[in-house]
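Remarks on the structure that follows.
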Amino acid sequence: MKKTKTPAAPPCTLFLFGANGDLVKRLLMPALYNLSRDGLLDRNLRIVGVDHNEVTAEGFAERLHDFLTERDKGGEGAPKTLDEALWAKLARRLDYQTGDFLDPATYQAIAQRIAKTSHGNAIFYLATSPRFFPEVAQRLGEAGLLDESSGGFRRVVVEKPFGTDLASAQALNARLLKVMDERQIYRIDHYLGKETVQNILVSRFSNGLFESFWNNHYIDHVQITAAETVGVETRGAFYDSTGALRDMVPNHLFQLLAMVAMEPPAAFGADAVRGEKAKVVGAIRPWSPKLALKNSVRGQYAAGKRMRGYRDEANVDPKSQTETYVALKVMIDNWRWAGVPFYLRTGKRMSVRDTEIAICFKPAPYAQFRDMELAQPKPNYLKIQIQPNEGMWFDLQAKRPGPELVMENVELGFAYKDFFKMSPATGYETLIYDCLTGDQTLFQRADNIENGWRAVQPFLDAWVNGGEVHEYPAGEDGPEAGNDLLGRDHREWHTLG
Ligand code: BG6
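Residue numbers for the sequence shown follow numbering that gives the first Met the number 0, so the first one is 0 and each next one is one higher.
Following this line, the structure appears as C-alpha cells:
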C-alpha cells in the first residue's frame with residue numbers, strides 16, 4: 000500500500016494490449032495522467048499501445064487527447080480539464096505497435112522494443128476481450144518475453160472477467176501458470192484500488208477498539224450492497240451473457256466481504272494479506288442446490304420512471320432471463336463468524352448509487368427504557384460507505400433534548416471530504432503504481448479467485464433449472480423478494496443513500 004512520501008516507480012515499458020478499447024481511454028490513460036501529475040512515473044517509463052488497427056504513435060496520442068478533452072467523456076476520476084503541459088509530457092511517453100494478438104510477429108516486435116531499453120522491465124496489460132487472456136499469455140511465454148533471467152521484471156496484468164464459472168477460472172489460471180509464476184500475475188479487481196476499500200483494513204487493524212466487538216458475540220449480521228443507478232448502457236451483449244451475479248459478486252462484493260471478515264494478517268505484505276483473504280472466502284459455506292435457491296433472489300429491471308426495461312436495451316435478448324439484480328445470503332464457517340449471516344445485494348437501475356457495508360450490531364439485551372416512545376430501539380449500524388460519499392458512520396440512539404424521555408437516532412461520522420483533500424483518481428492509479436513497484440497486495444491470487452467462484456457456483460448451478468427472475472421497476476430498489484430474503488430472518492435492508 001502507498002506510503003505518505005511516495006517515490007517514483009521504476010522504469011518500465013508498459014504494453015497496453017487492447018489499446019483502442021474503452022478501458023484504456025476511460026480509465027488507464029486518466030490514471031497514468033494522474034500518476035504523471037503526482038510525479039510517480041520514472042522518466043524512462045514508456046507506454047506502448049498494442050492493437051490490430053493501423054495507427055501511428057501520433058495518431059494514438061491524438062485520439063486519447065481528443066477523448067480526454069471532450070467534457071464528461073472520461074470515467075470517474077478523469078481530469079475535468081486537461082492540463083496541456085502535463086498532457087504533452089505524458090504524450091512523449093506514448094508509442095504504438097500495430098499487431099494481431101495471435102500473430103507471433105507481434106511478439107517479436109515487442110521483444111525488439113524491450114531489447115532497446117537499458118532496464119529490460121516490461122508489464123503486459125491485458126485490457127482485451129477475455130478470450131485473448133490465455134492466448135496472449137501463451138504467446139508472450141513462447142516468445143520468451145516472460146523470462147526474467149536477464150534481470151528485468153516481466154509482469155502480466157489480467158483484467159476482469161476472470162472466468163465465467165469455477166471451471167473456466169481454474170482453466171485460465173492453469174494456462175497462465177503454465178507460462179509464468181504466480182508472482183508475475185496481477186489479477187485486477189478495481190474495487191481494491193478504491194481508497195475506501197483499502198481503508199477498511201487500516202480502520203480494522205489500526206484501531207484496537209474495533210477488534211473487541213468484531214465477531215459473532217456482538218455483530219448480528221452484515222450487509223454488503225452495491226447499488227447502481229445506471230443500466231447496462233452500451234454493454235448489452237456482454238451483460239446479457241453475464242448477469243449481475245457474475246459481474247459483481249465473486250469479484251467486487253467478495254473483496255468487500257473479505258476485507259470485513261478476514262483475520263488480522265501477520266504482516267501487511269502481499270502473501271499474508273492475500274492468504275487471509277483467500278482463507279475467509281474459502282470459508283463461505285457451499286449451499287446445497289435447494290438452499291442455494293432459498294438463499295438467493297434474482298431480479299430484472301422493467302420499465303419505470305421513464306426508463307426503458309432491460310429487455311428493451313440494445314443487444315439484449317427481448318426474452319432475456321438474465322438478472323440485473325441479485326441478493327444472496329451467505330454464511331462463513333469459521334469461529335469469528337459462525338451464525339452471522341452476510342447479506343449481499345447488487346443491482347442496476349436502483350434508486351440511488353450507493354456502495355456500502357452495513358454492520359448491524361446485536362441490540363441492547365432488553366428494553367431498558369420501557370416507557371419511552373420507541374421502546375425497542377433500532378439496532379446500531381456501522382456504515383462504511385465506499386462510494387459516492389466516502390466515509391464511515393455509526394448509528395446511535397440518543398435522548399432528544401427536552402423534558403420528556405424520547406429516543407432518537409443520531410450519527411457519529413467521518414466523511415473523507417471533511418478530512419482529506421483527495422485529488423481526482425480513477426482507482427487504477429494505485430493499482431498501476433503497485434504493479435510497477437511489484438506489490439501484489441491489492442491483486443487477486445489464484446486461490447482467492449477460485450474460492451470466490453466456488454462460493455457462487457451453487458447459485459449458478461441451481462438457477463439453471465430453478466428459481467424465478469423477479470421484475471422490479473427501473474429506479475426502485477429491487478424486487479420485493481429481495482426484501483423477503485431478510486424479512487424471513489426478521490431483518491431488513493439498511494436504508495440506502
Ligand atoms: C464493473 C462491472 O466491474 O464494475 C460494471 O462490470 C459495474 O457492470 C462496475 O458497473 C461498478 O464499478 P464502480 O466502481 O462504479 O462501483
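The C-beta atom is built at its ideal place from N, Cα and C for all residues, glycine as well. Everything numeric in this text was worked out from a predicted model, so none of it was measured.
Heavy atom of ligand 1 less than 7 Å from the Cβ of residue i, yes or no?
| i | result |
| --- | --- |
| THR321 | no |
| HIS118 | no |
| GLU227 | yes |
| MET247 | yes |
| HIS489 | no |
| THR354 | yes |
| HIS189 | yes |
| GLN443 | no |
| GLN197 | no |
| GLN384 | no |
| HIS64 | no |
| LYS304 | no |
| LYS318 | no |
| HIS251 | yes |
| LYS177 | no |
| LYS159 | yes |
For the alpha helix (DSSP H) containing residue i, list its first residue and its last residue.
| i | result |
| --- | --- |
| LEU430 | 427–436 |
| GLN107 | 103–114 |
| VAL455 | 445–464 |
| ARG174 | 165–178 |
| HIS469 | Element bounds for HIS469: not the alpha helix (DSSP H) but the beta strand (DSSP E), 468–472. |
| VAL229 | Run containing VAL229: none; DSSP gives neither H nor E here. |
| GLY346 | No alpha helix (DSSP H) contains GLY346, which is instead part of the beta strand (DSSP E) from 340–346. |
| VAL135 | 131–141 |
| MET571 | This structure gives no information on residue 571, because the portion of the chain shown stretches from 0 to 496. |
First and last residue of the beta strand (DSSP E) that includes residue i?
| i | result |
| --- | --- |
| GLU355 | 353–360 |
| GLU407 | 406–414 |
| MET28 | First-last for MET28: 28–36, but that is the alpha helix (DSSP H), not the beta strand (DSSP E). |
| TRP392 | 390–398 |
| THR578 | No answer is possible for residue 578: it lies beyond the span of the chain, which begins at 0 and ends at 496. |
| ILE199 | From DSSP, ILE199 is part of no beta strand (DSSP E) but of the alpha helix (DSSP H) over 194–205. |
| THR12 | 11–16 |
| ALA121 | 121–125 |
| LYS382 | 380–386 |
| GLY48 | 44–50 |
| GLN299 | 295–301 |
| ARG154 | 153–157 |
For residue i, tell me which candidate among the options has the shortest Cα-Cα distance.
| i | options | result |
| --- | --- | --- |
| ALA277 | PHE253, GLY268, LEU290 and SER422 | PHE253 |
| ASP37 | THR429, PRO129 and MET258 | THR429 |
| TYR365 | CYS359, PRO378, ILE356 and ALA357 | PRO378 |
| THR5 | LEU255, GLU449 and LEU39 | LEU39 |
| ARG234 | TYR309, TYR190, ASP180 and ASN172 | TYR309 |
| ARG154 | SER167, ASN172 and ILE184 | ILE184 |
| LEU31 | SER117, LEU67 and ALA56 | LEU67 |
| GLY143 | ASN172, LEU381 and VAL178 | VAL178 |
| TYR238 | ASP316, VAL279 and ILE223 | ASP316 |
| ALA90 | LEU327, ASN388 and LEU81 | LEU81 |
| GLU262 | SER35, TYR342, GLU275 and HIS251 | GLU275 |
| GLY496 | PRO285, ILE385 and GLU147 | ILE385 |
| MET391 | ARG399, TYR380, PRO400 and LYS398 | TYR380 |
| VAL229 | PHE418, LYS420 and SER350 | SER350 |
| ARG245 | LEU15, ASP460, LYS24 and ASP332 | ASP460 |
| ALA301 | ILE358, LEU484 and VAL231 | VAL231 |
| CYS434 | GLU194, ARG182, GLY412 and ARG487 | ARG182 |
| VAL201 | ASN43, TRP462, VAL272 and PHE161 | VAL272 |
| LEU13 | THR321, ASN33 and ASN43 | ASN43 |
| GLU53 | GLY17, GLU355, GLY20 and GLY98 | GLY98 |
| TRP334 | ASN294, LEU395 and TRP213 | TRP213 |
| ILE122 | ASP146, VAL296 and LEU101 | ASP146 |
| ALA60 | ALA18, ASP41 and LEU101 | ALA18 |
| ALA357 | ASP41, VAL259 and ASP180 | VAL259 |
Since residue i contacts residue j with CB under 8 Å, what's their CB separation in whole angstroms?
| i | j | result |
| --- | --- | --- |
| VAL470 | PRO478 | Per the sequence shown, the amino acid found at residue 470 is Glu instead of Val. 7 Å between Cβ atoms; contact. |
| GLY151 | ASN120 | 4 Å |
| ALA8 | THR436 | 5 Å |
| TRP452 | ASP164 | 6 Å |
| LEU22 | GLU210 | 38 Å between Cβ atoms; not a contact. |
| ALA282 | ASP332 | 5 Å |
| ALA326 | VAL296 | 4 Å |
Could you tell me if the beta carbon of residue i falls within a distance shorter than 7 Å of some heavy atom in ligand 3?
| i | result |
| --- | --- |
| LYS193 | Ligand 3 is not part of the structure shown, which contains ligand 1 as its ligands. |
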